[in-house]
Amino acid sequence: MIFTETRLSGAYVIDLECINDERGFFARTWCRNEFDKHGLNSNLVQCNLSHNIKRGTLRGMHYQVAPYEEAKLVSCISGAIYDVIIDLRENSSTFKQWQAFELSAQNHRMLYIPEGFAHGFQTLQDNTSVFYQMSEFYHLECAKGVRWDDPVFGIKWLYEPPIISQKDKTYKLFEG
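Reminder that position 87 of the sequence shown reads as 92 in our numbering, one-by-one numbering, no gaps.
Okay, structure coming up:
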């Protein structure tokens, strides 16, 4: 695995080192020692799968607050996504900044999102599946979100209007 820190401190793009042969390829997608070596939270306790039928589907911007803040490791296992993170850590030099990455089944890229970040994505293809690994169990009382179209962040989404859940549409504007 090749770890590249993003411009948002603590977030990493992780590229797989694929070993190719006539059958296809083999690659390591997780190694506690590698994550520990880079100072990343390696305590992954829960995995989720999101399947999205239509291109333009937007999920986000989600996060969990203390005491159950979570780090996430996100990969796209079929199709492609425009994956967006926002740094919500008040003491961070990149507070309220966002960055986007294309994750796809073709590029085999993963994104490590540290605690204190909001996360969301928009699908770039029909029938896209996203696999998440989290460092904390889901706690409804700590699950929060910020609006996908909040002018404080100014995220540039690729498809508008997006296909989005009623819950994600009703998050309040960011106050911080």
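Think of the CB as a built atom: it goes at the ideal place given N, C-alpha and C, for glycine as much as any other residue.
- Contact between the region 20-39 and the region 118-126 is absent: fewer than 3 CB-CB pairs across the two stretches fall below 8 Å.
- The Cβ neighbour count for Gly181, taken over all protein chains shown within 10 Å, is under 16; the residue is labelled exposed.
- The C-alpha of Tyr87 lies about 31 Å from the C-alpha of Glu27.
- Pairwise C-beta distances place the region 131-147 in contact with the region 68-75, as three or more of them are shorter than 8 Å.
- Distance from Gly84 to Thr128 at the Cβ level is roughly 6 Å; contact confirmed, criterion being Cβ atoms closer than 8 Å.
- Under the three-state reduction of DSSP output, Asn57 falls in the strand class.
- In the DSSP assignment, Asp131 falls outside any beta strand (DSSP E) and carries neither an H nor an E.
- Ile82 and Cys52 have their C-alpha atoms roughly 13 Å apart.
- Taken in chain order, the unbroken stretches of beta strand (DSSP E) that lie wholly in the region 135-160 and span 3 residues or more are 148-150.
- Arg114 is classed as buried because its beta carbon has at least 16 other beta carbons within 10 Å across all chains shown.
- For Asn38, no beta strand (DSSP E) run applies; the uninterrupted alpha helix (DSSP H) run containing it begins and ends at 37-42, by DSSP.
- In the three-state reduction of the DSSP assignment, Gln104 falls in the strand class.
- Going by beta carbons, Gly61 and Ile168 fall inside the 9 Å limit.
- Collapsing the DSSP output to three states places Lys77 in a strand.
- As the crow flies, the alpha-carbon of Lys149 is around 6 Å from that of Gln69.
- Distance check between Phe31 and each of Asp154, Arg12, Met6, Glu107 places Met6 closest, using alpha-carbon atoms only.
- Between Asn46 and Glu120 the beta-carbon gap is near 7 Å, inside 8 Å, which marks them as a contact.
- In this chain, the alpha helix (DSSP H) harbouring Gln171 covers 171-174.
- With respect to Trp103, Phe158 sits close: the two C-beta atoms are nearer than 9 Å.
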